[in-house]
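Participant: Sequential numbering of the sequence shown, starting at 58, is according to my numbering. Each residue gets a CB set at the ideal place from its N, CA and C atoms; glycine is no exception. In this text the structure is predicted, and so the values were computed from the model without any measurement.
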Amino acid sequence: MARAWIEDLWLTEPKVTLPDGTATRIPVPSAAVKSLAAYMKTPGKAKVPDRFKTARYGKGKRWRVSWWGIGPDGAKKRGSKAFESRLDAEAFAAAMEDDIRAGRYIDPNDANRSFRDVAAEWLSSKNNLRDRSYVRYENEMNWYVLPKWGNRPIGGVTEAEINEWVVQLTAGTAPHEFKRKQVMQPMKAKTIKSVVKDTFGGVLGYAASPKRRWIANNPLVDVKLPQDKDVDDRVFLTHQQVADIASAAAVVDKKNSKVSKTLVQFLAYTGLRANEALALRIEDVDFTSKRIRVSKTFTTDRQGRETEGKPKGGKVRTVPIPVFLVGDLKSIIGNRNSSDYLFTAFHGGMIHLNTWRTRVWYPAKEGAGYGDIEGLKIHSLRHTYASFAIGAGCDVKTLQVVMGHASAVETLNTYAGLWPDRVDEVAEAMESKYAEWRQSEEKA
Numbered sequence: 058m059a060r061a062w063i064e065d066l067w068l069t070e071p072k073v074t075l076p077d078g079t080a081t082r083i084p085v086p087s088a089a090v091k092s093l094a095a096y097m098k099t100p101g102k103a104k105v106p107d108r109f110k111t112a113r114y115g116k117g118k119r120w121r122v123s124w125w126g127i128g129p130d131g132a133k134k135r136g137s138k139a140f141e142s143r144l145d146a147e148a149f150a151a152a153m154e155d156d157i158r159a160g161r162y163i164d165p166n167d168a169n170r171s172f173r174d175v176a177a178e179w180l181s182s183k184n185n186l187r188d189r190s191y192v193r194y195e196n197e198m199n200w201y202v203l204p205k206w207g208n209r210p211i212g213g214v215t216e217a218e219i220n221e222w223v224v225q226l227t228a229g230t231a232p233h234e235f236k237r238k239q240v241m242q243p244m245k246a247k248t249i250k251s252v253v254k255d256t257f258g259g260v261l262g263y264a265a266s267p268k269r270r271w272i273a274n275n276p277l278v279d280v281k282l283p284q285d286k287d288v289d290d291r292v293f294l295t296h297q298q299v300a301d302i303a304s305a306a307a308v309v310d311k312k313n314s315k316v317s318k319t320l321v322q323f324l325a326y327t328g329l330r331a332n333e334a335l336a337l338r339i340e341d342v343d344f345t346s347k348r349i350r351v352s353k354t355f356t357t358d359r360q361g362r363e364t365e366g367k368p369k370g371g372k373v374r375t376v377p378i379p380v381f382l383v384g385d386l387k388s389i390i391g392n393r394n395s396s397d398y399l400f401t402a403f404h405g406g407m408i409h410l411n412t413w414r415t416r417v418w419y420p421a422k423e424g425a426g427y428g429d430i431e432g433l434k435i436h437s438l439r440h441t442y443a444s445f446a447i448g449a450g451c452d453v454k455t456l457q458v459v460m461g462h463a464s465a466v467e468t469l470n471t472y473a474g475l476w477p478d479r480v481d482e483v484a485e486a487m488e489s490k491y492a493e494w495r496q497s498e499e500k501a
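(1) Give the secondary structure of Asp155 by DSSP, where H, G and I count as helix, E and B as strand, and everything else as coil.
(2) Going along the chain, which residues of its own chain have a beta-carbon closer than 7 Å to the beta-carbon of Tyr162, five neighbours each way excluded?
(3) What is the DSSP secondary structure of Pro84, counted as helix, strand or coil?
(4) Can you tell me the Cα-Cα spacing of Ala425 and Ser304, whole angstroms?
(5) Just the C-alpha distance for Asp285 and Lys245, rounded to the nearest angstrom, thanks.
(6) Within the continuous beta strand (DSSP E) that includes Glu64, where are the two ends?
(7) By the DSSP assignment, the beta strand (DSSP E) with Thr354 in it spans what residues?
(8) Is it the case that the Cβ atoms of Asp310 and Arg416 are separated by a distance below 9 Å?
(9) Roughly how far, in whole angstroms, is the beta-carbon of Arg60 from the beta-carbon of Pro71, given that I think they are within contact range, below 8 Å?
(10) Three or more C-beta pairs under 8 Å: does that hold for the region 252 to 260 against the region 192 to 200?
(11) Can you name, in chain order, every residue of its own chain whose Cβ lies under 8 Å from the Cβ of Gly115, other than the five neighbours on each side?
(12) State the beta-bridge partners of Gly127 as determined by DSSP.
(13) In terms of DSSP beta bridges, what is Tyr398 paired with?
(14) From which residue to which residue does the alpha helix (DSSP H) around Glu363 run?
(15) I need the DSSP call for Phe381, collapsed to helix, strand or coil.
(16) Are Lys387 and Phe344 closer than 9 Å when you measure CB to CB?
(17) Can you tell me which of Lys281, Asp279, Gly262, Val280 puts its alpha carbon nearest to the alpha carbon of Ile272?
(18) Exposed or buried, Thr74, counting other C-beta atoms within 10 Å across all chains shown (16 or more means buried)?
(19) What number of angstroms, rounded off, separates the C-alpha of Gln360 from the C-alpha of Tyr191?
(20) Identify whether Ala264 lies in helix, strand or coil by the three-state DSSP scheme.
(21) By how many angstroms is the C-alpha of Ser317 removed from the C-alpha of Pro377?
(22) Please classify Ala484: does DSSP put it in a helix, a strand, or coil?
(23) If you count every other CB in all the chains shown that lies within 10 Å of the CB of Ser489, and 16 or more means buried, which is it?
(24) For Ala112, tell me which candidate among Glu154, Met153, Asp65 has the shortest Cα-Cα distance.
(25) I'd like to know if Val252 contacts chain D, where contact means its C-beta is closer than 9 Å to some C-beta of that chain.
(26) Pick out whichever of Glu493, Ala217, Asp145, Ala176 has its Cα sitting closest to the Cα of Pro204.
(27) Do you know offhand how far Asn184's Cα is from Val260's?
(28) On a Cα-Cα basis, can you pick out the residue from Ser464, Phe445, Tyr326 that is closest to Lys347?
(29) For the candidate residues Phe445, Arg170, Glu221, Trp62, whose alpha-carbon lies nearest to that of Phe149?
(30) Please report the distance separating the alpha-carbon of Gly137 from that of Trp124.
(31) In its own chain, which residues sit with a C-beta less than 7 Å from the C-beta of Phe381, not counting the 5 before and 5 after it?
(32) Does DSSP put Pro106 in a helix, in a strand, or in coil?
(33) Quickly, what does DSSP pair Ser171 with across the bridge? List them, please.
(34) How long is the line joining the alpha carbons of Tyr491 and Gly474, rounded to whole angstroms?
(35) Given Gln239, which residues of its chain have a CB within under 8 Å of its CB, disregarding the five upstream and five downstream residues?
(36) What separation, rounded to the nearest whole angstrom, lies between the Cα atoms of Ala296 and Ile447?
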């Protein structure tokens with residue numbers, strides 16, 4: 058039995074009973090078939106006897122391909138699609154038959170799902186994401202992806218079109234839709250990777266997964282994305298530069314000078330992420346063991362509200378406090394309750410990072426004379442801590458734990474260039490061992 062077959066929706070072979078009682082069908086006269094072929098656009102003019110006409114004669118498309126396929130769940134599934142010409146129907150039926158036999162069956166109804174609908178389903182499935190990551194996906198989807206692909210069938214996305222879109226994103230000419238009056242700018246390679254590979258690609262991967270198989274292949278697989286230029290935008294400050302910026306922060310933030318000065322020093326000499334530091338409570342600081350317990354961070358929920366959440370990676374870690382910071386930390390704590398934030402705004406309560414960045418950080422780095430250092434940002438203090446720690450002899454594993462990296466590989470990938478080249482030491486050590494062996498051989 059064929060898995061795909063073609064039906065004529067306009068003509069039928071009527072069933073009759075012969076004198077001997079057997080039933081048979083009467084073929085449509087060739088003259089009627091030829092007449093209809095000549096009047097396909099005006100079938101009412103064709104000379105076709107009524108007995109050979111179906112109830113749908115002259116309405117809609119004439120040919121229908123039907124098939125039985127096996128869905129991703131293993132169940133048989135019937136589908137159909139109508140065509141105006143028999144040639145198109147035959148070509149589709151042959152391709153469908155081939156796909157079914159080869160196990161490549163894709164339900165056309167699934168491939169015709171709109172990209173927008175699939176994207177919404179994909180986003181709703183991301184239950185394991187941190188809220189901040191979810192918001193990033195959602196924003197990229199609404200700003201860049203849906204304006205380009207939202208109304209397209211998921212099965213209609215092609216590799217060539219994706220390549221063209223990447224060029225547009227790079228040039229800043231891609232379709233976009235911002236909530237505020239913003240101008241589309243040329244997109245950096247890092248952002249293109251996030252938009253195209255992570256967000257857009259997440260939807261395509263969802264549709265192409267074996268569980269769904271809404272599209273036969275992921276058209277993004279062979280697309281080459283722009284690569285970051287070999288430019289190291291990390292900034293590593295010296296001890297003097299940290300001191301200068303901390304002092305400038307105290308001058309800028311006159312009402313809360315001790316807190317802002319200490320915060321700059323704290324970030325540079327503990328390596329905490331800024332929002333991890335701002336989420337610390339006084340009770341997280343143990344002056345006896347000189348340790349800080351990092352168990353939370355400020356993040357953004359799916360409604361865009363600032364809230365507390367787990368640190369990046371979800372793991373609690375303990376970080377040492379340099380002795381020279383103890384006095385300053387005790388000074389800003391005073392007699393406050395242990396449940397209070399360690400770093401507070403002048404009128405009490407939490408410090409909002411975006412506000413502090415604008416009010417204190419930017420003016421402080423300008424005031425310290427470092428406004429022209431390209432790439433100098435608050436996160437540079439974390440990089441600076443890594444450079445100080447490595448310079449003091451810290452090994453990879455210890456630095457990974459203290460900084461809260463997911464693995465030592467991440468630490469090495471980020472800071473490998475800061476560890477000193479010890480190749481000569483290895484050669485000297487091997488030479489020494491070889492010399493010891495030679496001496497022992499000669500004595501023997």
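Facilitator: Straight from the coordinates:
(1) Here residue 155 is taken as the residue at index 98 of the sequence shown, counted from 1. Reduced to three states, the DSSP call for Asp155 is helix.
(2) What you label residue 162 is simply residue 105 of the sequence shown in a count that begins at 1. Only Gly126, Ile127, Asp156 meet the Cβ criterion.
(3) The residue labelled residue 84 in the question sits at position 27 within the sequence shown. Coil.
(4) As a first step, residue 425 is located in the sequence shown; it is residue number 368 there, counting from the start. As a first step, residue 304 is located in the sequence shown; it is residue number 247 there, counting from the start. Approximately 8 Å between the Cα atoms of the pair.
(5) As a position in the sequence shown, residue 285 is number 228, starting the count at 1. As a position in the sequence shown, residue 245 is number 188, starting the count at 1. Taking the straight line joining both Cα atoms gives about 8 Å.
(6) As a first step, residue 64 is located in the sequence shown; it is residue number 7 there, counting from the start. Where Glu64 is concerned, the enclosing beta strand (DSSP E) stretches over 61 to 65.
(7) Within the sequence shown, numbered from 1, the residue matching residue 354 stands at position 297. Here the beta strand (DSSP E) through Thr354 covers 354 to 357.
(8) In the sequence shown, counting from the first residue as 1, residue 310 sits at position 253. In the sequence shown, counting from the first residue as 1, residue 416 sits at position 359. Yes, the pair counts as a contact, with Cβ atoms nearer than the cut-off.
(9) Here residue 60 corresponds to residue number 3 of the sequence shown, with the count starting at 1. Here residue 71 corresponds to residue number 14 of the sequence shown, with the count starting at 1. With 8 Å as the limit, Arg60 and Pro71 do not qualify as a contact, their Cβ atoms being about 28 Å apart.
(10) yes
(11) In the sequence shown, the residue the question calls residue 115 occupies position 58. The residues are Trp67, Pro100, Gly101.
(12) As a working mapping, residue 127 is identified with position 70 in the sequence shown. One point to set straight first is that residue 127 is Ile, not Gly, in the sequence displayed. Note: Ile127 sits in a beta bridge opposite Lys133.
(13) Along the sequence shown, read from residue 1 onward, the residue named residue 398 stands at position 341. DSSP lists Arg338 as partners of Tyr398.
(14) Here residue 363 corresponds to residue number 306 of the sequence shown, with the count starting at 1. That residue, Glu363, is in no alpha helix (DSSP H); its beta strand (DSSP E) goes 363 to 366.
(15) As a first step, residue 381 is located in the sequence shown; it is residue number 324 there, counting from the start. Residue state, collapsed to three classes: helix.
(16) In the sequence shown, counting from the first residue as 1, residue 387 sits at position 330. In the sequence shown, counting from the first residue as 1, residue 344 sits at position 287. Contact: yes.
(17) Within the sequence shown, numbered from 1, the residue matching residue 272 stands at position 215. The residue with the shortest Cα to Cα distance from Ile272 is Gly262.
(18) Position 17 of the sequence shown, counted from the first residue, corresponds to residue 74. It is exposed - the Cβ of Thr74 has fewer than 16 other Cβ atoms within 10 Å.
(19) Within the sequence shown, the letter at position 303 stands for residue 360. Within the sequence shown, the letter at position 134 stands for residue 191. Using only the alpha carbons, I get a separation of about 10 Å.
(20) Position 207 of the sequence shown, counting from 1, holds the residue named residue 264. If DSSP states are grouped into helix, strand and coil, Ala264 belongs with the helices.
(21) What you label residue 377 is simply residue 320 of the sequence shown in a count that begins at 1. What you label residue 317 is simply residue 260 of the sequence shown in a count that begins at 1. Approximately 20 Å, taken between the alpha carbons.
(22) Within the sequence shown, numbered from 1, the residue matching residue 484 stands at position 427. Residue state, collapsed to three classes: helix.
(23) Taking the first residue of the sequence shown as 1, we reach residue 489 at position 432. That one is exposed.
(24) Translated into the one-based positions of the sequence shown, residue 112 becomes position 55. Ranking Glu154, Met153, Asp65 by Cα distance to Ala112 puts Asp65 first.
(25) Protein chain content of the structure displayed is limited to a single chain, and chain D is not contained in it.
(26) Sequence index remark: in the sequence shown, residue 204 carries index 147 (1-based). Per the Cα distances, Ala176.
(27) Within the sequence shown, the letter at position 127 stands for residue 184. Within the sequence shown, the letter at position 203 stands for residue 260. For Asn184 and Val260, the distance between alpha carbons rounds to 15 Å.
(28) For this step, residue 347 is matched to residue 290 along the sequence shown. Selected option, being the one with the closest Cα: Tyr326.
(29) Counting from 1 along the sequence shown, the entry for residue 149 is found at position 92. Of Phe445, Arg170, Glu221, Trp62, the residue nearest in Cα terms is Trp62.
(30) As a first step, residue 137 must be located in the sequence shown, where it is residue number 80. As a first step, residue 124 must be located in the sequence shown, where it is residue number 67. Here the sequence assigns Ser to residue 137, which means Gly is not the residue at that position. Roughly 6 Å separates the two Cα atoms.
(31) Here residue 381 is taken as the residue at index 324 of the sequence shown, counted from 1. Within the same chain, Phe381 has no close Cβ partners at all.
(32) Residue numbering aside, residue 106 sits at position 49 when the sequence shown is read from its first letter. Correct three-state label for Pro106: coil.
(33) Stepping through the sequence shown from its first residue, residue 171 is reached at position 114. Paired residue(s): Pro210.
(34) The residue labelled residue 491 in the question sits at position 434 within the sequence shown. The residue labelled residue 474 in the question sits at position 417 within the sequence shown. Distance between the alpha carbons of Tyr491 and Gly474 is about 30 Å.
(35) Position 182 of the sequence shown, counting from 1, holds the residue named residue 239. The answer is none, since no qualifying residue turns up.
(36) Within the sequence shown, the letter at position 239 stands for residue 296. Within the sequence shown, the letter at position 390 stands for residue 447. According to the sequence provided, residue 296 is His. The question's Ala does not apply to it. In a straight line, the C-alpha of His296 is about 14 Å away from that of Ile447.
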